[in-house]
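Student: Going by the numbering used here, the first residue of the sequence shown is number 1324, and it counts up by one from there.
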Amino acid sequence: MTTGRASVQVEDPGRAFREAWIAGVRKHYPGEPKPGYVAPWEATPEWERASAAAVYEQVHQFIEVAEGATAKLTREQKGRFVALCWTAQIFRHFSNPKASYVADWSEMPEWQQETDSDIFEHIEQALISMR
């Protein structure tokens, strides 16, 4: 059943994704993260900016078409969705990426799993607060 709610948009989805990523890395990464993990938006490569925007939009659309039912997903399910969307972007931009860049969920480090889950929940909360 459609509720007729209008879709809400953020001004810069790529930047919003990147900021959520950096916050998650700072929260979950053991020790000092690699500089590239926490580089500001302005220092982020163009392919990564495009990928961040694409994945933000995929998560946003997923939440919208589920009409908020994504709130019932587990934290792991939310993180897996982000990870899978990101993996597709890696394959889109690199013909032969390093295995660690396209690792399946079970092979990802815990800090990365937690960060991906945080990203989904950040987008979800942003959509709720904008309604």
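By construction, the Cβ of each residue, glycine as well, lies at the ideal position given by its N, Cα and C atoms.
(1) Quick check on DSSP: helix, strand or coil for residue 1454?
(2) If you reduce the DSSP assignment to three classes, tell me which class residue 1404 lands in.
(3) So, does the stretch 1393-1400 touch the stretch 1354-1366, judging by three or more C-beta pairs under 8 Å?
(4) How many angstroms separate the CA atom of residue 1440 from the CA atom of residue 1358?
(5) Closest to residue 1412 by C-alpha separation, out of 1427, 1442, 1437, 1378, would be which residue?
(6) Going by the beta-carbon positions, is the gap between residue 1449 and residue 1339 smaller than 8 Å?
(7) How about residue 1374 and residue 1428: do their beta carbons lie closer than 8 Å?
(8) Should residue 1348 and residue 1356 be called a contact, given that it needs their Cβ atoms to be closer than 8 Å?
(9) Beta-carbon within less than 7 Å of residue 1444's beta-carbon, same chain only, minus the 5 sequence neighbours each way: which residues are those?
(10) Starting from residue 1379 and walking both ways along the alpha helix (DSSP H), at which residues does that stretch end?
Tutor: The answer reads as follows:
(1) Residue 1454 sits at position 131 when you count from the first residue of the sequence shown. In the structure shown, residue 1454 sits in coil (DSSP, three-state: anything other than H, G, I, E or B).
(2) Within the sequence shown, the letter at position 81 stands for residue 1404. The answer is helix: DSSP assigns residue 1404 an H, G or I state.
(3) no
(4) Sequence index remark: in the sequence shown, residue 1440 carries index 117 (1-based). Sequence index remark: in the sequence shown, residue 1358 carries index 35 (1-based). Distance between the alpha carbons of residue 1440 and residue 1358: 21 Å.
(5) Position 89 of the sequence shown holds residue 1412. Considering only alpha carbons, the answer is 1378.
(6) What you label residue 1449 is simply residue 126 of the sequence shown in a count that begins at 1. What you label residue 1339 is simply residue 16 of the sequence shown in a count that begins at 1. Yes; because the gap between Cβ atoms is below 8 Å, this pair is in contact.
(7) As a first step, residue 1374 must be located in the sequence shown, where it is residue number 51. As a first step, residue 1428 must be located in the sequence shown, where it is residue number 105. No, the pair does not count as a contact, with Cβ atoms beyond the cut-off.
(8) Locating residue 1348 in the sequence shown gives position 25, where the first residue counts as 1. Locating residue 1356 in the sequence shown gives position 33, where the first residue counts as 1. Against a cut-off of 8 Å, the Cβ pair of residue 1356 and residue 1348 comes out as a contact.
(9) In the sequence shown, the residue the question calls residue 1444 occupies position 121. Excluding the 5 residues flanking it on each side, residue 1444 has same chain C-beta neighbours closer than 7 Å at 1401, in chain order.
(10) In the sequence shown, residue 1379 corresponds to position 56, counting from 1. Taken as a continuous stretch (DSSP letters only), the alpha helix (DSSP H) holding residue 1379 covers 1369-1388.
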